[in-house]
Amino acid sequence: MNGTTTIRLNDEDRCLLAQLVPEYGDQSSVIRHGIRRLAEEQAQRVALRSLLRDWEAESGPVDEDMVAEMQQRYYNR
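Numbers given in my numbering equal positions in the sequence shown, counted from 1, plus 45.
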């Protein structure tokens with residue numbers, strides 16, 4: 046599925062892209078890396094939801110305050 050995709054960026058996004066280019070090589074590489082990273086994050090969220098469903102099925106309801114605390118501790122750095 047090779048091809049060209051057009052995206053529209055605002056000024057802030059263009060600046061962020063320009064800042065990342067030296068690290069990743071070119072604009073396309075930055076965007077590909079960002080897409081992969083988002084896909085990884087989504088897979089982690091899906092896995093976590095599955096874990097919580099399994100936990101609830103086995104041990105009863107999960108303490109939502111504890112989940113929020115763990116999310117803050119491990120995901121919002």
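Note that the Cβ used here is the ideal one computed from N, Cα and C, for glycine as well.
Just so we're clear, the structure is a prediction, and the values are computed from it rather than from any experiment.
Worksheet item: What are the boundary residues of the alpha helix (DSSP H) that P106 is part of?
Response: P106: not part of any alpha helix (DSSP H); DSSP gives it neither H nor E.
Worksheet entry | Nearest neighbour of T51, chosen from A88, Q64 and S73 [CA to CA] | Comparing Cα positions, the closest option is S73.
Fill in: Other residues of its chain near T49: CB distance less than 7 Å, five sequence neighbours each side excluded
Closer than 7 Å at Cβ, skipping near neighbours: no residue.
Worksheet item: V112: buried (16+ other C-beta within 10 angstroms of its C-beta) or exposed?
Response: With fewer than 16 Cβ atoms within 10 Å of its Cβ, V112 is classed as exposed.
Worksheet item: Roughly how many angstroms lie between the CA atoms of L62 and Q116, to the nearest whole one?
Response: Spanning the two alpha carbons is a distance of roughly 28 Å.
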